[in-house]
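*Asks:* Residue numbers for the sequence shown follow the working numbering, beginning at 15 and rising by one. A single structure is presented below for examination.
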Amino acid sequence: MTREASPTKFDVVIVGAGPAGSTVAIQLARAGWSVALIERQRFPRRKVCGECIAASNFPLLEALGVAVAIDTLAGPPLRQVTLLRGDSAVAAELPVADHARFPWGRALGRETLDNLLLEQARAAGAIVFQPCTVQAIRGSVGAWHCEVRVLDSSALLRLHATIVVDAHGSWEDLPSDRPRRRQARGSADLFAFKANFSGSTLPEGQISVLALDGGYGGMVVADGGTMTLACCIRRDRLSLLRDRAPGLSAGDAVEAWLRRACLGVQQALHGARRDGPWLATGPLDTGVRVDARDRIFRVGNSAGEAHPILGEGMSMALQSAALLCSHLLGRHGPAVVPGAAVQAELQRAYAASWQREFAPRLRLAAIFAHIAMRRRGAAVLMELVRVWPGLLTQGARWGAKVRPARMADTTGIARTLPSVPEPTRASRVH
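See below:
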């Protein structure tokens, strides 16, 4: 835990200090709320992620106080997208965002981005409990009781809050949460893999999208010239790879497959050195989770998860957090913490807003994902973009990558948020 003595009563308890959770913490703490932010893992830490930050997020990141640091540390501006399948490649220009100062997206390792946002939440006044895990959430709307265990310790903390925000991702349910309707598991389950490489020949400023037989993926040059290679692969394809190479780890088997299946990957990795092991997670559980009947509020992957092929994960994390805060702070102003009577109405309004903003992105990502990982669909897509490369450009527009996101309006609040001190460039965490 980051402080020896901590209060136990908060306006809000936020579970998870990824981009979504820290963004909520920054905005609510900035508005004068008492905020507890609970994170299970120690930072910095690597995560399975494509690590692309769309240009649409930079006005929000600037308002959060981290845009200068990201501009200093991130990889070069992302101006081009290339679709790769087998030995074929088609390139197109990415669209310019509707913001003069932030026209392009960037790529930045999660170990860096998450730490920047967490430190900004701390600077805003949030009390960070890390590394800690939530053991139980009891009580009712407006009067929550959270049991929090400090990892590697027998210490058990009891926190009380008016509001609970679930920002802890997509892999586990919160204690005492409503049961999640998970998809039946089968051969089509997708597992996600990610590794970083030094010395790659992948052109800077380019996002490469991989259409694979039984999966899809992407490559990009991020901070420090490090190349991120990430992919999703079907369970049946992964099982086949493991059976054919029983001496290899799952990550090594996936890397060998990517090199064989895609000339662009083979070329990008020629002479490159992998930095650290492959990371893996899954199976993915894509779809909408936010519900107007929820008693706790959900952001990021806890609210809904898109297929990663369009690289919208971080955008949805940051922007859903901003959307929630606009509802929490906008009803009666930032000085009033909504009680039980108001929260049900806010849940309905937030869920409806979330659906309008993000459900189309989930549908678009699902369409592209299922086309890209099917042999016939990928072949048709490749021929289509040969004739009309602008489809790739238009796809980025459809994915809301050019419309600037905004933070909740906290105009008039006396308590302001200082920017994170100018960062020093550090090597990747291996």
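Positions of the beta carbon are idealized from the N, C-alpha and C atoms, including for glycine.
(1) Report all residues from its chain with a CB closer than 6 Å to the CB of E436; omit the five preceding and five following residues, and keep chain order.
(2) Determine the contact status of T37 and L131, defining contact as a CB-CB distance below 8 Å.
(3) Assess contact between the stretch 285-299 and the stretch 208-226, defined as three or more Cβ pairs (one per stretch) separated by less than 8 Å. Is contact present?
(4) Kindly indicate which three-state DSSP category C146 falls into: helix, strand or coil?
(5) Taking only runs that begin and end inside the stretch 301-370, name each unbroken alpha helix (DSSP H) of 4 or more residues, in chain order.
(6) When we look at the beta-carbon of R307 and count the other beta-carbons within 10 Å, is it buried (16 or more) or exposed?
(7) Report yes if the C-beta distance between P117 and Q55 is below 8 Å; otherwise report no.
(8) Pull up the distance between the alpha-carbon of L283 and that of T215, whole angstroms please.
(9) Output the boundary residues of the alpha helix (DSSP H) element that contains N129.
(10) For R312, which residues from the same chain have a beta carbon less than 7 Å from its beta carbon, with the 5 sequence-adjacent residues on both sides left out?
(11) Give me the Cα-Cα distance between M396 and F57, rounded to the nearest whole angstrom.
(12) Based on the DSSP secondary-structure assignment, which residues constitute the bridge partners of F116?
(13) Go through its chain and collect everything with a Cβ distance to V234's Cβ below 8 Å, but skip five positions before and after it.
(14) Note down the Cα distance separating L224 from I84, rounded to an integer number of angstroms.
(15) Relative to the alpha-carbon of C276, which residue among G100, I40, I52 has its alpha-carbon at the smallest distance?
(16) Is E204 helix, strand or coil by DSSP?
(17) What's the gap between the Cα of G325 and the Cα of G183?
(18) Expressed to the nearest angstrom, what Euclidean distance is found between the alpha-carbon atoms of Q94 and P374?
(19) Between which two residues does the alpha helix (DSSP H) containing S253 stretch?
(20) To the nearest angstrom, how far is it from the Cα of Q41 to the Cα of Q280?
(21) Ignore the nearest five residues each way along the sequence and tell me which others in L171's own chain have a CB closer than 6 Å to its CB.
(22) Please classify V110 as buried or exposed, where buried requires at least 16 neighbouring CB atoms within 10 angstroms.
(23) According to DSSP, is M396 part of a helix, a strand, or is it coil?
(24) Would you kindly work out how many angstroms separate the C-alpha atoms of A380 and A392, rounded to a whole number?
(25) Between K398 and L406, is the Cβ-Cβ spacing less than 8 Å?
(26) According to DSSP, is W271 helix, strand or coil?
(27) Closest by CA to G79, which one among A138, V49, T176, F143?
(28) How about Y364 and H341: do their beta carbons lie closer than 8 Å?
(29) Report the option in S201, L343, G228, S70 whose CA atom is closest to the CA atom of L360.
*Replies:* Short version:
(1) Low local confidence applies: a pLDDT of 41 at E436 is under 50, so the model's placement there is unreliable, and no value is given.
(2) yes
(3) yes
(4) strand
(5) 327-344
(6) exposed
(7) no
(8) 7 Å
(9) 124-138
(10) D180, R303, V304
(11) 40 Å
(12) DSSP, once it has assigned bridges, lists no residue as partnering F116.
(13) G64, E65, C66, G89, L92, A121, L216, Q220, I221, S222, M241, T242
(14) 26 Å
(15) G100
(16) Reading the sequence as shown, one finds Leu at residue 204 and not Glu. In this structure, L204 counts as strand in the three-state DSSP scheme.
(17) 16 Å
(18) 23 Å
(19) 249-258
(20) 44 Å
(21) V162
(22) exposed
(23) helix
(24) 14 Å
(25) It should be noted that the sequence gives Leu, not Lys, for residue 398. No, these two residues do not count as a Cβ contact at 8 Å.
(26) helix
(27) A138
(28) yes
(29) L343
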